[in-house]
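The block underneath contains the structure these notes are about, expressed in structure tokens.
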Amino acid sequence: MNRNVFLYILIFFSFSLSAQNANKEKAKQIYDKIPPNVWLEEKKNLGVSLGRIGKDAEAYIHLLFKADSYWDRLAGVSAASVYSSDSIDSALVQLHLTDHMVERETKDLIASQPKRFSKFLYSIWNGKGKKEDRSKVLYLLAESDASDVISLLKKESSDLNSEFRETAFSLLTDKKNFKDEGFIRSFLEDKKLRLLVLQHIYETGSPSDKTLMYEILRKKKSEWGEFTIAISAIKKWGKYSEQESEYYKTLTEEKDESKKQYAIHLLGEIRSEAIRKELCELAGFGAEQELRLVAAETLVPYQDIGNRPCLKRIIKEKYESRRRSPDVIDVFATIITAGFSNIIQGMRENKSQSDFLGRQNEIKKHLQFLELKAEGK
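Adding 7 to a residue's 1-based position in the sequence shown gives its number in the working numbering.
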């Protein structure tokens with residue numbers, strides 16, 4: 008009996024050893040096909056096949072992580088998508104932090120399996136590594152909705168000495184499952200976080216928040232970012248008459264030309280004779296060429312022969328290289344809400360001479376039309 012048991016054990020280990028050797032040989036064969044392959048998708052498919060072998064392929068996955076070709080490193084990421092071990096998972100996190108060529112793919116993998124990578128991410132976050140690495144890790148941790156992640160983001164948001172305050176708060180407000188409005192709005196008077204709070208209110212608030220937005224618009228010198236959110240909120244929640252009123256007030260009372268320009272982009276479809284006259288004034292006498300151009304373009308739909316004198320300056324102008332407002336640049340780096348980021352993006356770009364000439368030519372054509380219209384009267 009003992010002899011039979013011993014024989015069975017011997018046979019079992021022989022088969023196990025044989026299977027292990029076969030797996031290692033198969034892993035080597037697959038790995039050897041990856042570097043010479045010239046097609047990325049085939050490399051990635053081979054990577055998946057390699058990962059499915061399991062532990063016997065681990066050494067080859069590490070070799071792919073260190074390969075000179077980033078396509079081969081992507082094959083390694085594909086292998087890691089189907090095979091997990093502490094060694095591979097830790098190496099993949101490091102690959103994400105150090106290799107910008109595969110940063111997107113490693114991020115997607117880590118974000119898709121947050122529990123798998125969390126202990127390695129927390130190890131870096133709790134360490135004394137580079138700020139850049141810890142910032143990347145914070146973004147990755149925030150992909151999870153786990154309670155410990157929410158607690159971490161709240162803690163960093165509340166820590167006045169944290170260098171990650173704004174990042175943590177922004178990540179927290181982006182979370183759809185975070186419903187603690189009281190916590191978010193408690194930072195409304197915090198200078199560093201106020202703009203992010205206002206952005207959050209714009210995105211998730213209601214018409215009852217118009218009162219707050221009007222308070223901002225009634226300030227003598229409102230911050231540029233606050234102004235853009237407040238007037239955008241009036242467009243979002245306000246009645247037509249309220250939108251028209253704010254548009255007119257901005258054109259007539261606001262001294263900051265970049266705010267006037269933003270209002271024209273945002274509310275330019277609103278038309279009245281009073282607004283037309285103000286646009287006419289800006290097209291002829293605005294200090295910034297871009298404001299004169301935008302005002303002139305906004306006058307075109309009026310089809311009014313009274314606009315002829317206002318359009319004559321801009322059609323004679325030569326292109327001026329644009330000075331971008333530092334306020335516009337700073338705000339764009341903070342607020343990225345789709346409701347107004349496209350306008351801000353357009354305002355911060357330095358338009359080319361060819362762009363200017365094309366827009367100027369359209370205004371010339373319109374002016375010719377108005378002259379013919381006036382002659383026909």
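No residue lacks a Cβ here, since even glycine has one placed at the ideal position from N, Cα and C. Just so we're clear, the structure is a prediction, and the values are computed from it rather than from any experiment.
The alpha helix (DSSP H) enclosing residue i, as first and last residue numbers
i      : result
Asp187 : Premise fails: Asp187 is in no alpha helix (DSSP H) and is neither H nor E.
Met220 : 217-224
Val156 : 154-165
His69  : 65-72
Ala294 : It is not in any alpha helix (DSSP H) - Ala294 carries neither H nor E in the DSSP assignment.
Gln101 : 93-105
Ile236 : 231-244
Pro121 : 121-132
Leu179 : 172-181
Closest by C-alpha distance to residue i, when choosing among the options
i      : options                        : result
Asn389 : Arg278, Tyr269, Ile95          : What the structure shows of the chain is the stretch from 8 to 384, and residue 389 is not part of that stretch, so it cannot be assessed.
Tyr38  : Glu48, Leu47, Ile68            : Ile68
Glu139 : Trp78, Thr174, Tyr255          : Thr174
Ser265 : Ile238, Ile241, Glu295         : Glu295
Asp311 : Glu276, Thr113, Phe376         : Phe376
Gly275 : Thr257, Asp63, Asp263          : Thr257
Ser215 : Asp187, Gln360, Ala240         : Ala240
Glu385 : Glu188, Ala153, Gly61          : A query on residue 385 cannot be resolved here, the shown segment of the chain reaching from 8 to 384 and no further.
Lys226 : Gly61, Leu47, Lys262           : Lys262
Thr305 : Ile271, Phe292, Leu203         : Ile271
Ile385 : Ser169, His207, Ser248         : Because the chain is modelled from 8 through 384, residue 385 falls outside the range shown and cannot be assessed.
Leu273 : Leu286, Lys242, Glu249         : Lys242
Asp79  : Leu47, Ser56, Pro308, Gly291   : Leu47
Glu249 : Val301, Leu224, Gly365, Leu71  : Leu224
Asp362 : Ala281, Arg283, Ser130, Leu300 : Leu300
Residue i versus residue j: straight-line alpha-carbon distance, rounded
i      : j      : result
Ile336 : Asp75  : Annotation note: pLDDT 48 at Ile336 (below 50); position unreliable, no value reported.
Phe339 : Lys380 : Reliability of the predicted coordinates at Phe339 is poor, the pLDDT of 49 falling under 50, and no value is obtained from them.
Lys372 : Thr218 : 44 Å
Cys317 : Leu200 : 42 Å
Gln367 : Glu251 : 27 Å
Ile117 : Asn30  : 27 Å
Ala66  : Ser97  : 14 Å
Ser119 : Glu112 : 11 Å
Ser88  : Leu99  : 10 Å
Lys51  : Pro43  : 13 Å
Ile5   : Leu160 : No answer is possible for residue 5: the residues shown for the chain start at 8 and end at 384.
Ala345 : Glu260 : Interpretation of Ala345 is limited by its pLDDT of 49, a score under 50 that renders its predicted location unreliable; the figure taken from the coordinates is listed afterwards. The alpha-carbon atoms of Ala345 and Glu260 are separated by roughly 27 Å.
Tyr254 : Ile277 : 8 Å
Tyr221 : Ser164 : 27 Å
Asp197 : Ser169 : 14 Å
Val84  : Leu104 : 14 Å
Ile370 : Cys287 : 13 Å
Leu178 : Tyr77  : 30 Å
Gly365 : Gly313 : 23 Å
Evaluate the contact criterion for the stretch 118-130 versus the stretch 144-164: three or more CB pairs, one atom per stretch, below 8 Å.
yes
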